Amino acid sequence: MRVEPAASVSFDIEVPVAIIGAGAAGLVAALAAHEAGAEVLVVERDPVPRGSTALSAGLVPAPGTRWQRESAIEDSPELFARDIMAKAKNEPDPALVARLAGAVGPALEWLSHRHGLPFSVITDFRYPGHSANRMHGLPSRSGEELVDRLARAVEEAGIPVLCEATVDTLYTEDGAIRGIALVRPDGSRDRVACRALVLACNGYGGNKALVAQHVPELADALYFGHEGNQGDALLWGEALGAATRHLSGHQGHGSVAHPHGILITWATITEGGFQVNAEGRRFSDESKGYSEQAAEVLRQPGGTAVTVFDARIAGIARQFEDFRRAEGAGAIVAADTMAALAARLHLPEEALTATLAEVEALKRAGGRDDFGRSFAGVPMLSPPYRAVRVTGALFHTQGGLVVDGDARVLRQDGAPIPNLFAAGGAACGVSGTGPGGYLSGNGLLAAVALGRIAGQAAGAMA
Ligand SMILES: Cc1cc2nc3c(=O)[nH]c(=O)nc-3n(C[C@H](O)[C@H](O)[C@H](O)COP(=O)(O)OP(=O)(O)OC[C@H]3O[C@@H](n4cnc5c(N)ncnc54)[C@H](O)[C@@H]3O)c2cc1C
Numbered sequence: 001m002r003v004e005p006a007a008s009v010s011f012d013i014e015v016p017v018a019i020i021g022a023g024a025a026g027l028v029a030a031l032a033a034h035e036a037g038a039e040v041l042v043v044e045r046d047p048v049p050r051g052s053t054a055l056s057a058g059l060v061p062a063p064g065t066r067w068q069r070e071s072a073i074e075d076s077p078e079l080f081a082r083d084i085m086a087k088a089k090n091e092p093d094p095a096l097v098a099r100l101a102g103a104v105g106p107a108l109e110w111l112s113h114r115h116g117l118p119f120s121v122i123t124d125f126r127y128p129g130h131s132a133n134r135m136h137g138l139p140s141r142s143g144e145e146l147v148d149r150l151a152r153a154v155e156e157a158g159i160p161v162l163c164e165a166t167v168d169t170l171y172t173e174d175g176a177i178r179g180i181a182l183v184r185p186d187g188s189r190d191r192v193a194c195r196a197l198v199l200a201c202n203g204y205g206g207n208k209a210l211v212a213q214h215v216p217e218l219a220d221a222l223y224f225g226h227e228g229n230q231g232d233a234l235l236w237g238e239a240l241g242a243a244t245r246h247l248s249g250h251q252g253h254g255s256v257a258h259p260h261g262i263l264i265t266w267a268t269i270t271e272g273g274f275q276v277n278a279e280g281r282r283f284s285d286e287s288k289g290y291s292e293q294a295a296e297v298l299r300q301p302g303g304t305a306v307t308v309f310d311a312r313i314a315g316i317a318r319q320f321e322d323f324r325r326a327e328g329a330g331a332i333v334a335a336d337t338m339a340a341l342a343a344r345l346h347l348p349e350e351a352l353t354a355t356l357a358e359v360e361a362l363k364r365a366g367g368r369d370d371f372g373r374s375f376a377g378v379p380m381l382s383p384p385y386r387a388v389r390v391t392g393a394l395f396h397t398q399g400g401l402v403v404d405g406d407a408r409v410l411r412q413d414g415a416p417i418p419n420l421f422a423a424g425g426a427a428c429g430v431s432g433t434g435p436g437g438y439l440s441g442n443g444l445l446a447a448v449a450l451g452r453i454a455g456q457a458a459g460a461m462a
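Heads up, the sequence shown is in UniProt numbering, so the first residue is 1 and it goes up one at a time.
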């Protein structure tokens, strides 16, 4: 990934706004820039827009939405901002947190009424750290549907998306961006001049060397995000003298069905399930969150754990396409008794039965275990039981280019690079420096809210 002077370069075409990446951030930015009156070109390395967005559950946290009001859920941007700051131990930039918390609800309502995305709010379970039910998703609760519907909206708006085109060079002049170069699979190249550029090409989770450098504890972990996320925005930013922050920040996940490689919703835990290792014993406070649980699971023998839950919880989890796929693939084990479950999973029966008894006693007493998990108000499990063997994985990185409230990329001295914007995983998010700072939904929050802000600002400038 290169940054070169524009002085002697002749460009093949010119567009007012160029956007690199056609995941949620890039597609939302494209819609917003187009609405601001600018002509837009989106450049995407894959044959069709997918990105990590397509791999996600597509759930976007948003406070104060009309869907929440219809379900009588009380929430506000201030409460959401407090939850984000609390989860990340006050590490994120409070101004950016407030900006995103205030922008994401209107962004979802805009995507719904302008572009027909039929969001609804999840009311039957809540992710750790959220003090209101504020996760919004499309009917299938899948990111594939999110990116498909966004791509369709972009197509209907007449915005060109140039696929199978990888941007490898940015051209600069007088401290601003003048254009980009892209290369196609047959080696042919084009140079595109632009008046504003949005980096929406996500983080560096797919780049082994950058992960080893910034997130060494997950250097050997399964990477569950999109392979195209090679850290190009970070590398260009560094070459441009941009400020970077929280590069060790990331989202892990301690609940990927093994060996099937399918995401199992954390509702299996929040609704009363627990995780045991190969000895049939619990090893952590699972209620802290799925992100920090990735490293906990990887520390167990074989780097795996078993999540134990029941048929009621399976009913809730079934709203997720991924869970239904996991059932279809035979990843979810069912049994009427713990003894039968232990036998099917090759776990020591006595230990597993004792673990269940301990957990259920804690729930009855509303107690807290030695790891710090409180079981007050947590529903009891009842037969028939369900279980799934899982491993820990890296989902995506949360550090990146520092941006201001208009998504403008800042230099190390705090001044903006005048016409360069970053959104989604390309920008430093709001999750701080460690896995525990990731509040569920921080990923798509930065993609959707910052994507819209970046598109509006880039569109207005061009
Ligand atoms: C399994 C999984 C589940 C998740 N679930 C959730 C969830 O429910 N809620 C949530 O908030 N977050 C979730 N996340 C995180 C979320 O998916 C990401 O934060 C979000 O999709 C990032 O969007 P993006 O547009 O920045 O990146 P992406 O969707 O990854 O899009 C970036 C695009 O840029 C393209 N690109 C990269 N480099 C170049 C280049 N040089 N030239 C051209 N194109 C390039 C890539 O091919 C890609 O298509 C999940 C992540 C994973 C992996």
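Every residue gets a Cβ at the ideal spot worked out from N, C-alpha and C, and that includes glycine.
These figures come from a predicted structure and were not determined experimentally.
Inset, instruction - Buried or exposed for residue 75, please, with buried defined as at least 16 other CB atoms from any protein chain shown within 10 angstroms of its CB. - result: buried
Inset, instruction - Return yes when the Cβ of residue 289 is within less than 9 Å of the Cβ of residue 266, no when it is not. - result: yes
Legend entry - Spatial neighbours of residue 68 in its chain, beta-carbon cut-off 7 Å, leaving aside the 5 residues before and after: 75, 121 and 134
Legend entry - Residue(s) in a DSSP beta bridge with residue 250: 397
Legend entry - Entirely enclosed beta strand (DSSP E) segments - the segment 255-304, minimum 3 residues: 274-276
Inset, instruction - Check whether the Cβ atoms of residue 458 and residue 157 sit closer than 9 Å, and answer yes or no. - result: no
Legend entry - Cross-strand partners of residue 136 (DSSP beta bridge): 60 and 121
Inset, instruction - Enumerate, from N- to C-terminal direction, the unbroken alpha helix (DSSP H) stretches of 4 or more residues contained entirely within the segment 173-231. - result: 208-214
Inset, instruction - Compute the beta-carbon to beta-carbon distance between residue 422 and residue 430, rounded to the nearest angstrom, for a pair I have assumed lies under 8 Å. - result: Actually they do not touch by this definition, with Cβ atoms about 14 Å apart.
Legend entry - Neighbourhood of residue 402 by C-beta, 6 Å cutoff - its chain only, sequence neighbours within 5 removed: 243, 245, 410 and 428
Legend entry - Closest by C-alpha distance to residue 70, when choosing among 85, 396 and 119: 119
Inset, instruction - Please report how far the alpha carbon of residue 56 lies from the alpha carbon of residue 438, in whole angstroms. - result: 15 Å
Legend entry - Any non-hydrogen atom of ligand 1 closer than 8 Å to residue 442 Cβ: yes
Inset, instruction - List the endpoints of the continuous alpha helix (DSSP H) containing residue 358. - result: 349-365
Inset, instruction - Alpha carbon to alpha carbon, how far is residue 130 from residue 280? Give it in angstroms, no decimals. - result: 30 Å
Inset, instruction - Name the residue from 54, 294, 300 and 334 whose alpha carbon lies nearest to the alpha carbon of residue 311. - result: 334
Legend entry - Strand pairing of residue 421, partner residues [DSSP]: 198 and 408
Inset, instruction - Please name the residue or residues paired with residue 307 in a DSSP beta bridge. - result: 275 and 388
Legend entry - Residues bridged to residue 4 (per DSSP): 171
Inset, instruction - Within its chain, find whatever has a CB closer than 8 Å to the CB of residue 7; leave out the 5 residues flanking it on each side and keep chain order. - result: 173
Legend entry - Nearest to residue 275 (by Cα), restricted to the options 339, 307 and 250: 307
Inset, instruction - Check whether the Cβ of residue 492 sits closer than 8 Å to any heavy atom of ligand 1, and report yes or no. - result: Here the chain has residues from 1 to 462 only, and residue 492 is not among them.
Inset, instruction - Report the rounded CA-to-CA distance for residue 347 versus residue 268, giving the unit in angstroms. - result: 19 Å
Inset, instruction - Give me the Cβ distance between residue 54 and residue 144, rounded to the nearest whole Å; I'm assuming they're in contact under 8 Å. - result: 5 Å
Inset, instruction - For the alpha helix (DSSP H) holding residue 164, just list the boundary residues, first then last. - result: From DSSP, residue 164 is part of no alpha helix (DSSP H); its letter is neither H nor E.
Legend entry - Buried versus exposed call for residue 19 [16 or more other C-beta atoms within 10 Å across all chains shown]: buried
Legend entry - residue 50 beta carbon near ligand 1 (any heavy atom closer than 8 Å): yes
Inset, instruction - Could you tell me whether the Cβ atoms of residue 263 and residue 224 are closer together than 9 Å? - result: yes
Legend entry - Rounded separation between residue 110 and residue 35 - CA only: 11 Å
Inset, instruction - In angstroms with no decimal places, state the Cα-to-Cα distance between residue 187 and residue 12. - result: 16 Å
Legend entry - Any non-hydrogen atom of ligand 1 within 8 Å of residue 56 CB: yes
Legend entry - Range of the contiguous beta strand (DSSP E) that encloses residue 333: 332-335
Inset, instruction - Specify the secondary structure class of residue 41 as computed by DSSP and reduced to three states. - result: strand
Inset, instruction - Count the other CB atoms, across all protein chains shown, that sit within 10 Å of the CB of residue 371; report buried if there are 16 or more and exposed otherwise. - result: exposed
Inset, instruction - Using only the heavy atoms of ligand 1, determine whether one of them is closer than 8 Å to the beta carbon of residue 168. - result: yes
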